[in-house]
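Participant:
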Amino acid sequence: MTSPQILGAPPVTRERITALMSRLTGDEKHTVAATSTLDVLQVLYGRILRVSPAAADDPDRDRFYLSKGHGPMAFYAVLAAHGFFPEDVLDTFTDFDSPLGLHPDRLLVPGVEISSGSLGHGLPLAVGAAHALRIRRSPARVIVLVGDAELDEGSCTEAIEYAGGIGLDALTLVVVDNASSSYAVRGRIEQRLRAHGWDALRVDGRDHARLEEALSRRVPGRPNAVIAQVEDKAEAAR
Amino acid sequence: MSSTATAPAALSPRARFGRTATDLLAEREDLAVVIAEISAQHLEDAARAHPERVINVGIREQLLVGTGAGLALNGIRPLIHTFAPFLVERAFEQITLDLAHQGVGGVLVGSGGSFDMSGEGRTHQGPADVALAATVPGMVIHAPATSDEVEATLRAAAADTGLHYVRVSDRAQRTQIPADGAMHVLRTGSAERGSARRPPLTLIALGTVRDAALEAARALDATLLSSTTALPLDGAALRAHAGAEVVVIEPWLAGTSLAAVAAELDDAPRRFLGIGTSRTELRRYGTPAQHEVAHGLDAAGLVRRIREWSRPTDSPHR
């Protein structure tokens, strides 16, 4: 159950993903905000996660929980590119009867593991998932993606303290950091995680080799985090 | 194991939750108990026997429910427990989004009821738990009233795959009924002399008000119905036994179940009265029994309130 590369399907290149995103947005070019998660998602589905449409119910599949549910275009495009649902579904984006809304719904979209939208829910759910994998003696891991401002939520603090405290090493947290938290201090996210017993690395969120290396990293007895640094939201908006 | 030396019937409802959870953990490998410090003393044996399936997240209620939901998403049936207000009020969004919206089930076990911990004050009291839980799509709400009913309810809820809220109160009742979701007839009032019609006054007791309601039903010559399930209601039994005046008695916010009862009883014109805890904050300590009197939930209070309200001569069934 390695990453999917469907026979006869075009390879999942950056160009292919952005072309699929255009079917969602109608735009040929995509803003930095719309692509903040794109490189992380491309690396996760292309090189890291052991998931495929054919093994969607495999109890030993890796879990990817997109907790930061807003701006899901890149996520939908990556899932379509990897064959989780037909590409023409992308053309229905936000229609009344479309499975694809502005926040993903796991009951509507194949390949989506959690429904998200309200911030601060994915990390506690991933803690439960990591416990379930441990109970089932599964070799799978759970990777949860949050935005830097999402870490403002108290529920994230609860999960960070607890997961570090018990050493939940099936859990990986990816923080896409575009400095959107109102009281952000650069470098504090990894300090905070390390203080609670996590392994934490900050890498260039656009550098696929560095992302792959960091996302492959596992530390026995510790949850680990990858802080993917992308362009600041405020600067990107200018 | 010390707790297993105690006869189950002698355990308080809350201790019986601990005992039943311990047994279920031994019986099923795909079941886990998630707690937030509360009731850890009732789960010590279980935590020793199944350290990976008794999960104590510390004093973190959002994480409590989120973790339980994450287990459910991955095939482990969760029992999720803390005091009622911390569970249902503090972590309400986690109940709606992490469980119901994700389309997964679980067994939420809230203890303490409306005033088991009367001496602790308002912060440890959960009179709104049933009203809030009733807004969650698909939620089945149970209010077992004896230690045996607690065990039967928990076993049935754990065996199911859906979303359940089990309200465990230590105001255990003497009158026991099967914990099967059905509405049971505990007393039948006398029909009007010379008439085949149903007696007009019908009391419906939900939760730990059954003994007082039975005493009141005797004093008022009323029919008394009771169920361990507060939602969904056994509509067929309600329609079969309810008269023209219907009183819903529940030891949580007054009126909580009134709309659901009325919706089931839309087959004839009737008058309805809801009796429960007051929306006005009591700001008193003391004992649970004193709180029952203060809210008019003791037998004398029920009789007084129902007599004031009842107008049997206006009854459309007469």
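Protein chains in written order, with numbering that gives the first Met the number 0: chain A, 0 to 237; chain B, 0 to 317. Don't be surprised by glycine CBs; every beta carbon is placed ideally from N, CA and C. Here the structure is a predicted model, which means the values were calculated and not measured.
Excluding the 5 residues preceding and the 5 following residue 11 (chain B) in the sequence, name in chain order all residues of the same chain whose CB lies nearer than 8 Å to its CB.
Facilitator: Within the second sequence, the letter at position 12 stands for residue 11 (chain B). Excluding positions up to five away in sequence, the list reads 146, 169 and 171.
Participant: Run through DSSP, which three-state label would residue 95 (chain B) get?
Facilitator: Start at 1 with the first residue of the second sequence, and residue 95 (chain B) comes out as number 96. Correct three-state label for residue 95 (chain B): helix.
Participant: Of all the CB atoms in chain A, is at least one closer than 8 Å to the CB of residue 69 (chain B)?
Facilitator: Mapped onto the second sequence, residue 69 (chain B) falls at position 70. Judged by the 8 Å Cβ criterion, residue 69 (chain B) is in contact with chain A.
Participant: Are residue 21 (chain B) and residue 42 (chain B) closer than 8 Å when you measure CB to CB?
Facilitator: As a working note, residue 21 (chain B) is residue 22 in the second sequence. As a working note, residue 42 (chain B) is residue 43 in the second sequence. In contact: residue 21 (chain B) and residue 42 (chain B) (Cβ atoms closer than 8 Å).
Participant: What residue does the beta strand (DSSP E) around residue 246 (chain B) start on, and which one ends it?
Facilitator: The residue you call residue 246 (chain B) lines up with position 247 of the second sequence. Segment 244-252, the beta strand (DSSP E) holding residue 246 (chain B).
Participant: Find the residues of chain B that neighbour residue 58 (chain A), judging by a C-beta separation of less than 7 Å, and give them in chain order.
Facilitator: Numbered from its first residue, the first sequence carries residue 58 (chain A) at position 59. Those within 7 Å of residue 58 (chain A) in chain B are 74.
Participant: Does the segment 292-310 of chain B come within contact of the segment 209-216 of chain B, defined as at least 3 CB pairs closer than 8 Å?
Facilitator: Yes, the segment 292-310 of chain B touches the segment 209-216 of chain B.
Participant: Name the one or two DSSP bridge partners that residue 200 (chain A) has.
Facilitator: Within the first sequence, numbered from 1, the residue matching residue 200 (chain A) stands at position 201. A:225.
Participant: Would you give the residue range spanned by the beta strand (DSSP E) that residue 109 (chain B) belongs to?
Facilitator: Along the second sequence, one-based indexing puts residue 109 (chain B) at 110. Counting along the chain, the beta strand (DSSP E) containing residue 109 (chain B) begins and ends at 105-110.
Participant: Looking only at C-alpha atoms, which of B:123, B:223, B:90 and B:149 sits nearest to residue 157 (chain A)?
Facilitator: The residue you call residue 157 (chain A) lines up with position 158 of the first sequence. Taking only the C-alpha atoms, the option nearest residue 157 (chain A) is B:90.
Participant: Just the C-alpha distance for residue 53 (chain B) and residue 155 (chain B), rounded to the nearest angstrom, thanks.
Facilitator: Locating residue 53 (chain B) in the second sequence gives position 54, where the first residue counts as 1. Locating residue 155 (chain B) in the second sequence gives position 156, where the first residue counts as 1. So the alpha carbons of these two residues sit roughly 20 Å apart.
Participant: For residue 262 (chain B), does the count of other Cβ atoms within 10 angstroms reach 16, so buried, or fall short, so exposed?
Facilitator: Position 263 of the second sequence, counting from 1, holds the residue named residue 262 (chain B). Counting Cβ neighbours within 10 Å, residue 262 (chain B) comes out exposed, since fewer than 16 surround it.
Participant: Compare the C-alpha of residue 343 (chain B) against each of B:119, B:113 and B:118 and name the closest.
Facilitator: No statement about residue 343 (chain B) is possible, as the shown extent of chain B runs from 0 to 317 and does not include it.
Participant: Taking just the CA atoms, how far does residue 94 (chain B) sit from residue 208 (chain B)?
Facilitator: Translated into the one-based positions of the second sequence, residue 208 (chain B) becomes position 209. Translated into the one-based positions of the second sequence, residue 94 (chain B) becomes position 95. Roughly 27 Å between the two C-alpha positions.
Participant: Got a sec? Which residues, its chain only, sit under 8 Å from residue 141 (chain B) by beta carbon, not counting five neighbours each side?
Facilitator: On the second sequence, position 142 is the one that residue 141 (chain B) refers to. Only 152, 156, 163, 164, 165, 166, 178, 227, 228 and 229 meet the Cβ criterion.
Participant: Can you name the start and end residues of the beta strand (DSSP E) that residue 176 (chain A) belongs to?
Facilitator: Counted from its first residue, the first sequence places residue 176 (chain A) at position 177. Here the beta strand (DSSP E) through residue 176 (chain A) covers 170-176.
Participant: Measure from the C-beta of residue 140 (chain B) to each C-beta in chain A and report whether the shortest distance is under 8 Å.
Facilitator: Taking the first residue of the second sequence as 1, we reach residue 140 (chain B) at position 141. Judged by the 8 Å Cβ criterion, residue 140 (chain B) is not in contact with chain A.
Participant: Which residues in the same chain as residue 104 (chain A) place their Cβ atom closer than 8 Å to its Cβ, once the five residues preceding and following it in sequence are excluded?
Facilitator: Taking the first sequence and counting its residues from 1, the one referred to as residue 104 (chain A) is at position 105. Cβ neighbours of residue 104 (chain A) beyond the five flanking positions: 98, 111 and 114.
Participant: Assuming residue 103 (chain B) and residue 78 (chain B) make a contact with CB atoms under 8 Å, what is their CB distance in whole Å?
Facilitator: Here residue 103 (chain B) refers to the residue found at position 104 of the second sequence. Here residue 78 (chain B) refers to the residue found at position 79 of the second sequence. Between residue 78 (chain B) and residue 103 (chain B) the Cβ distance is about 14 Å, and since that is not below 8 Å, they are no contact.
Participant: At which residues does the alpha helix (DSSP H) containing residue 146 (chain B) begin and terminate?
Facilitator: One-based indexing of the second sequence puts residue 146 (chain B) at position 147. Counting along the chain, the alpha helix (DSSP H) containing residue 146 (chain B) begins and ends at 146-158.
Participant: Closest Cβ-Cβ distance between residue 97 (chain B) and chain A: below 8 Å?
Facilitator: Looking up residue 97 (chain B) in the second sequence gives position 98. So, interface residue.
Participant: Does residue 229 (chain A) pass the burial test, meaning 16 or more other C-beta atoms within 10 Å, or should it be called exposed?
Facilitator: Taking the first residue of the first sequence as 1, we reach residue 229 (chain A) at position 230. Buried is the call here.
Participant: Look up residue 12 (chain A) in the DSSP assignment and say whether it is helix, strand or coil.
Facilitator: As a working note, residue 12 (chain A) is residue 13 in the first sequence. Residue 12 (chain A) falls in the coil class under three-state DSSP.
Participant: Could you tell me the boundaries of the beta strand (DSSP E) in which residue 78 (chain B) lies?
Facilitator: Taking the first residue of the second sequence as position 1, residue 78 (chain B) is located at position 79. Its beta strand (DSSP E) spans residues 76-82.
Participant: Measure from the alpha carbon of residue 110 (chain B) to the alpha carbon of each residue in B:281, B:252, B:38 and B:308, then state which is nearest.
Facilitator: Your numbering for residue 110 (chain B) matches position 111 in the second sequence. The candidate whose alpha carbon is nearest that of residue 110 (chain B) is B:38.
Participant: In the segment 44-55 of chain B, which residues sit with their C-beta less than 8 Å from some C-beta in chain A, listed in chain order?
Facilitator: 51, 52 and 54
Participant: Is it buried or exposed for residue 224 (chain A), if we count other Cβ within 10 angstroms and need 16 for buried?
Facilitator: Along the first sequence, read from residue 1 onward, the residue named residue 224 (chain A) stands at position 225. Buried, because 16 or more other Cβ atoms sit within 10 Å of the Cβ of residue 224 (chain A).
Participant: Span of the beta strand (DSSP E) holding residue 32 (chain B)?
Facilitator: Residue 32 (chain B) sits at position 33 when you count from the first residue of the second sequence. 30-34 is the extent of the beta strand (DSSP E) around residue 32 (chain B).
Participant: I'd like to confirm the pairing. Which residues does DSSP put opposite residue 64 (chain A) in its beta bridges?
Facilitator: Taking the first residue of the first sequence as 1, we reach residue 64 (chain A) at position 65. Bridge partners of residue 64 (chain A): A:143.
Participant: I believe residue 140 (chain A) touches residue 61 (chain A) by the beta-carbon criterion, under 8 Å. Please report the beta-carbon distance rounded to the nearest angstrom.
Facilitator: Working through the first sequence from its first residue, we reach residue 140 (chain A) at position 141. Working through the first sequence from its first residue, we reach residue 61 (chain A) at position 62. That pair is a contact at about 5 Å.
Participant: How big is the Cα-Cα spacing for residue 20 (chain A) and residue 17 (chain B)?
Facilitator: Walking along the first sequence from the start, residue 20 (chain A) turns up at place 21. Walking along the second sequence from the start, residue 17 (chain B) turns up at place 18. Cα to Cα, residue 20 (chain A) sits roughly 52 Å from residue 17 (chain B).
Participant: Going by alpha carbons, who is nearest to residue 276 (chain B) out of B:218, B:206 and B:231?
Facilitator: Your numbering for residue 276 (chain B) matches position 277 in the second sequence. Comparing Cα-Cα distances from residue 276 (chain B) to each of B:218, B:206 and B:231, the minimum goes to B:206.
Participant: Nearest to residue 120 (chain A) by alpha carbon, out of A:95, A:100, A:94 and A:150?
Facilitator: The residue labelled residue 120 (chain A) in the question sits at position 121 within the first sequence. The shortest C-alpha separation from residue 120 (chain A) is found at A:150.
Participant: Can you pull the chain B neighbours of residue 153 (chain A), defined as C-beta to C-beta under 8 Å?
Facilitator: Counted from its first residue, the first sequence places residue 153 (chain A) at position 154. Going along chain B in sequence order, the residues near residue 153 (chain A) (Cβ under 8 Å) are 61.
Participant: Among the residues of its own chain, which have a CB less than 8 Å from the CB of residue 136 (chain B), if the five just before and after it don't count?
Facilitator: The sequence position of residue 136 (chain B) within the second sequence is 137, counting from 1. The residues are 99.
Participant: Going along chain A in order, which residues have a C-beta closer than 7 Å to the C-beta of residue 92 (chain B)?
Facilitator: As a position in the second sequence, residue 92 (chain B) is number 93, starting the count at 1. Within 7 Å Cβ-Cβ: 117.
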